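Protein chains: 2
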Amino acid sequence: MRLLIVDDEKLIRDVIKTYAETENYETVEAENGFEALEIIKNQKIDLIILDIMMPKMDGMTFLEEAKKTANIPVIILSARNEEYDKLRGFDLGTDDYLTKPFSPKELLARIKAILRRSGKMTPDNYEYKGLKIDYPGHAVFIDNKEIKLTLKEYELLCYFVTNAGIALSRNQLLNKIWGYDFFGDDRTIDTHVKMLRNNLGPYRDLIKTVRGVGYKFVIDDEK
Amino acid sequence: MRLLIVDDEKLIRDVIKTYAETENYETVEAENGFEALEIIKNQKIDLIILDIMMPKMDGMTFLEEAKKTANIPVIILSARNEEYDKLRGFDLGTDDYLTKPFSPKELLARIKAILRRSGKMTPDNYEYKGLKIDYPGHAVFIDNKEIKLTLKEYELLCYFVTNAGIALSRNQLLNKIWGYDFFGDDRTIDTHVKMLRNNLGPYRDLIKTVRGVGYKFVIDDEK
DNA sequence: AGCTTTTTTCATATAATTTTCACAAAAAAA
DNA sequence: TTTTTTTGTGAAAATTATATGAAAAAAGCT
Chain A
14 MRLLIVDDEK
24 LIRDVIKTYA
34 ETENYETVEA
44 ENGFEALEII
54 KNQKIDLIIL
64 DIMMPKMDGM
74 TFLEEAKKTA
84 NIPVIILSAR
94 NEEYDKLRGF
104 DLGTDDYLTK
114 PFSPKELLAR
124 IKAILRRSGK
134 MTPDNYEYKG
144 LKIDYPGHAV
154 FIDNKEIKLT
164 LKEYELLCYF
174 VTNAGIALSR
184 NQLLNKIWGY
194 DFFGDDRTID
204 THVKMLRNNL
214 GPYRDLIKTV
224 RGVGYKFVID
234 DEK
Chain B
14 MRLLIVDDEK
24 LIRDVIKTYA
34 ETENYETVEA
44 ENGFEALEII
54 KNQKIDLIIL
64 DIMMPKMDGM
74 TFLEEAKKTA
84 NIPVIILSAR
94 NEEYDKLRGF
104 DLGTDDYLTK
114 PFSPKELLAR
124 IKAILRRSGK
134 MTPDNYEYKG
144 LKIDYPGHAV
154 FIDNKEIKLT
164 LKEYELLCYF
174 VTNAGIALSR
184 NQLLNKIWGY
194 DFFGDDRTID
204 THVKMLRNNL
214 GPYRDLIKTV
224 RGVGYKFVID
234 DEK
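Right, dumping it as structure tokens:
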């Protein structure tokens with residue numbers, strides 16, 4: 014579950030980030046509308062927390078643009094005195110708003126409510142044949158026996174699973190799992206895939222090599 | 014722990030009832046708002062599971078009436094498309110809602126969460142094998158012998174126990190046990206976990222290290 | 001204040017994970 | 001078939017995370 018926090022004040026972003034992380038949400042930050050637009054174009058974001066009042070591109074402008082791109086629910090933050098009118102017309106069934114100052118607790122409640130409402134609840138487990146992932150427990154089972162994966166292997170597997178059927182390039186994998194700032198060897202991924210495959214035992218073939226591209230997690234039995 | 018299930022469809026009531034009983038909740042059923050009102054006037058009910066859409070007296074009307082009578086937490090069931098607006102104003106801190114179709118498992122999780130939150134379920138003790146926690150007495154026993162834990166150790170243990178099976182990050186632990194305003198060293202947690210483990214003696218392995226994440230309390234015997 | 005207990009910090013040891021790299025194997029292209 | 005490109009693999013090296021002991025700091029107690 015990834016939240017995008019858009020606010021020009023670092024302090025506010027940090028506070029929200031801190032609280033969000035206690036609930037295990039991942040967070041991405043943007044300082045202004047431009048940055049935010051870039052992010053929603055390139056990353057999977059489940060919810061946007063948006064300060065309406067910002068320099069450069071203000072919240073409303075961003076919102077209009079954003080709604081054209083993707084349908085991501087938004088929690089709008091605004092000072093009590095800002096024009097309420099502007100908020101009219103927004104889909105309060107999908108979105109929500111909160112006036113500053115707000116209590117972090119309330120924000121968290123709203124976040125939860127919205128994510129739930131929009132059906133974005135992360136399932137707490139994945140299962141395919143004898144392969145099971147217990148997300149909250151960070152555990153993976155094969156035929157009901159837990160297999161021990163390292164963090165990277167686990168992350169890899171989760172990413173594969175949520176992108177089943179899609180060929181993922183090494184670059185994509187690097188960016189998503191290692192982060193944008195990783196400049197390591199390409200063989201690194203191969204090595205991790207190797208180890209993951211080994212650990213998956215009978216399910217090792219679920220991770221197919223897509224030559225010239227990367228890897229793909231398949232859940233059908235085509236040969 | 015008695016749950017009142019209010020829904021006009023017998024099928025739904027039955028499903029909920031069945032699942033609820035697996036968790037040892039008693040259930041009482043009502044087919045409509047009138048019946049439900051009667052019941053909460055005359056019986057001790059800890060939680061209401063309420064379909065918002067019903068003939069005769071609908072859920073909202075019932076809810077308004079019910080809130081006058083007693084302060085019982087409510088889980089509202091609604092179809093995804095029903096007007097969200099109506100739900101505004103309800104105390105999402107106390108109540109909760111779920112859109113149909115929902116997984117029984119999720120419903121159970123919510124029930125648990127709400128009962129816990131509203132302090133109704135606070136069992137006064139926890140027991141797993143020879144490990145016992147006497148909450149009111151703030152005491153912990155191992156094989157019927159009291160072990161002396163410091164406050165932090167006790168809090169840690171309780172938090173682990175109520176989140177059994179879930180990998181808890183250091184951040185989460187810090188925030189929940191130390192509070193949001195603690196900016197201490199990460200090793201602090203390790204140290205407390207170490208001490209707690211030592212004090213747990215034979216049960217020290219219930220607290221597993223989840224490398225790269227944090228710790229997890231496990232209650233099953235997988236190796 | 002002095003003493004005890006608890007909490008926190010921190011340095012070091014230990015263990016596990018991650019990365020690199022050279023070469024083998026496989027696939028694709030020539 | 002031969003060459004070229006790409007991927008697989010094992011093992012070592014580098015890095016990172018956790019466990020632990022001991023000491024400092026803080027909080028309680030009498």
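As they're listed, the protein sequences go chains A and B.
Residues 14 to 236 (the working numbering) are what the first sequence spells out, left to right.
Residues 14 to 236 (the working numbering) are what the second sequence spells out, left to right.
Every residue gets a Cβ at the ideal spot worked out from N, C-alpha and C, and that includes glycine.
Because the structure is a prediction, the values reported are computed rather than measured.
Under the three-state reduction of DSSP output, Lys158/A falls in the strand class. The secondary-structure analysis by DSSP pairs Leu17/A across a beta bridge with Val41/A and Ile61/A. Counted as a single uninterrupted DSSP element, the beta strand (DSSP E) harbouring Thr222/B occupies residues Ile220 to Val223.
Close CB contacts of Ile190/B within its chain, under the 8 Å cut and outside five residues either way in sequence, are with Lys165, Glu168, Leu169 and Tyr172 (chain order). In this model, Arg210/B and Asn176/B are separated by some 17 Å (Cα to Cα). Per DSSP, Lys145/B is one residue of the beta strand (DSSP E) stretching across Leu144 to Asp147. Sequence-ordered contacts of the region 192 to 216 of chain B with chain A read Tyr193 [C-beta pairs closer than 8 Å]. In summary, Arg200/A is exposed, with fewer than 16 beta-carbon neighbours lying within 10 Å of its beta-carbon over all protein chains present. Judged by their CB atoms, Ile58/A and Arg123/A are not nearer to each other than the 9 Å cut-off.
Here the region 140 to 150 of chain B makes contact with the region 203 to 221 of chain B; the two share three or more CB pairs at distances below 8 Å. Rounded to the nearest whole angstrom, the C-alpha separation of Lys69/A and Asp21/A is 10 Å. Of the residues Leu120/A, Leu128/A, Glu51/A and Ile89/A, the one whose Cα lies closest to the Cα of Thr82/A is Glu51/A.
Its Cα nearest to that of Leu90/B, the residue Met67/B stands out among Glu78/B, Glu77/B, Met67/B and Asn84/B.
Partner residues in the beta bridge of Ser182/B, as assigned by DSSP, are Gly227/B. Listed in chain order, the non-local C-beta contacts of Ile61/B below 6 Å within the same chain comprise Leu17, Ile85 and Val87, local neighbours out to five positions each way being set aside. Its Cα nearest to that of Asn45/B, the residue Phe75/B stands out among Asp27/B, Ala33/B, Phe75/B and Ile25/B.
Annotated three-state conformation of Thr82/A is helix, per DSSP.
Judged by their CB atoms, Tyr193/B and Pro136/A are not nearer to each other than the 9 Å cut-off. Looking at the backbone, the Cα of Leu111/B and that of Gly197/A are separated by about 45 Å. Thr112/A carries a strand assignment under DSSP once its states are collapsed to helix, strand and coil. The residues Lys145, in chain order, have a CB closer than 6 Å to that of Phe154/A in the same chain once the five nearest residues on each side in sequence are set aside. Residue-level contact check: Asp59/A does not touch chain B, since none of the beta carbons of chain B fall below 9 Å from its beta carbon.
Residues are counted here when their Cβ sits less than 7 Å from a Cβ of chain A; for the region 219 to 231 of chain B these are Val223, Arg224, Gly225, Val226 and Lys229, given in chain order. Relative to the Cα of Phe47/A, the nearest Cα in the group Gly214/A, Thr204/A, Tyr32/A and Glu78/A belongs to Glu78/A. Between Gly150/A and the set Glu36/B, Asp233/B, Met208/B and Ile53/B, the nearest pair of CA atoms involves Asp233/B. Annotation: Gly143/A has no Cβ neighbours in chain B at a cutoff of 9 Å; minimum Cβ distance is about 15 Å. Take the alpha-carbon of Ala180/A and the one of Glu119/B: they are about 32 Å apart. Legend: CB atoms of the region 178 to 191 of chain B lying less than 8 Å from CB atoms of chain A belong to residues Gly178, Ile179, Ala180, Ser182, Asn184, Gln185, Asn188 and Lys189. For Ala49/B, the CB contacts under 7 Å within the same chain, skipping 5 residues up- and downstream, are Leu17, Val19, Ala43 and Phe75 in chain order.
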